[in-house]
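Written out below as structure tokens is the structure these notes cover.
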Amino acid sequence: MDHDAEVARGGAHFLRTSLQVMGRHAEEECVAGGAVEARGTEHGGAAARGFSPRGSSGIDRGMAFIAFSTIKGGVGKTTLCSHVAAALADAGRQVLLLDLDPQAHASLVLGLESREGPCVGDALGPRPKHTLAQVVVASPKRPGLFIAPAAPRMAAQERELFQWGHRLQAIPRALKTLGWTPDIILADTPPSIGAYTEAVLASADLVVAPVPTGAFALQGLGEIETAWRDVREQGGELVAVVNLWDRRTTATNEAMEGALSESTVPVLRARIPRSESINQAGLGYEVVFDTSPQAAGVEELRALAQELAKRVGLR
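For the sequence shown, the working numbering gives the first residue as 5, with consecutive numbering after it.
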């Protein structure tokens, strides 16, 4: 047996073991919580959970809400979120991006320079300093794209939000102060399970968990699935998207696909390739659509945006 096959075999065993553990944990949580859904229906994804694209968690029925979330750094969460936002705006949608990661990378990539003005954290919590309408800024680069920017001080604000008994309703409450209705809301969360991530998981119609190829890829997916089940009362859907896909690593890819096929989390059709052009665009705080519009990954990113829009009922 050659080295690549041996590595793939070991990776597949690890992935299958991870899935089995994730499945047992989910099973235990369903029993402990008195869940009535049969485990056999979970593979049906959204339909099995009674997915309703709009208004399932306090969000206005005129809006669709998609969040990108994972506990693992370096898997392309912010890259995917910012590119989907740009692609949807390019397609003529009115898009609002909530940048809930204090690092503010999504805000920077989408054209907002470091600033001292209001941030999205100022509009959340029991005593918000600003309305969301006062926080939102129009993208200087893309018509139709609006951003509720992040700021480093949001790390301290998150600790305060965590103490609030109604933190899971923080997003719907803030959106009531927006004053207009975008076609779609996107959220970029921190790479951790904190107050911001919990608030988003409780409110989003669709949560997208990026999964890179590799032996430890499903570890973050399992953590997000557990957190999502813990805070979600009804509706909504959690899906995975394969990111940083390398067509050359066929043995690893086969092991990854086999493991994902056993997961209770639906996997999107889109496969986003590993791309140096996407990396370089990010380093310059740009989206690849503007820097290298013919580069590898551009077509796949636009296809991902279209797939997500259809999944939440936008045509």
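Every residue gets a Cβ at the ideal spot worked out from N, C-alpha and C, and that includes glycine.
These numbers come from a predicted model, not from an experiment.
Query, Result
"Proximity of residue 197 and residue 75 at Cβ, strictly below 8 Å", "yes"
"Straight-line Cα distance separating residue 100 from residue 200", "17 Å"
"Alpha helix (DSSP H) segment containing residue 75, residue limits", "That residue, residue 75, is in no alpha helix (DSSP H); it is neither H nor E in DSSP."
"Cβ pair residue 80, residue 248 closer than 8 Å", "yes"
"C-alpha distance - residue 108 paired with residue 194, whole-angstrom precision", "10 Å"
"Which listed residue (77, 98, 87 and 85) has its alpha carbon closest to that of residue 318", "98"
"Start-to-end residues for the alpha helix (DSSP H) that takes in residue 176", "174-179"
"Given 8 Å, three or more beta-carbon pairs between the stretch 271-281 and the stretch 296-310", "yes"
"Among 316, 303 and 144, nearest to residue 91 - alpha-carbon criterion", "303"
"Beta-ladder partner(s) of residue 241, from DSSP", "210"
"Rounded straight-line distance, which links the Cα of residue 129 to that of residue 137", "15 Å"
"Alpha carbon of residue 164 to alpha carbon of residue 300, nearest angstrom", "42 Å"
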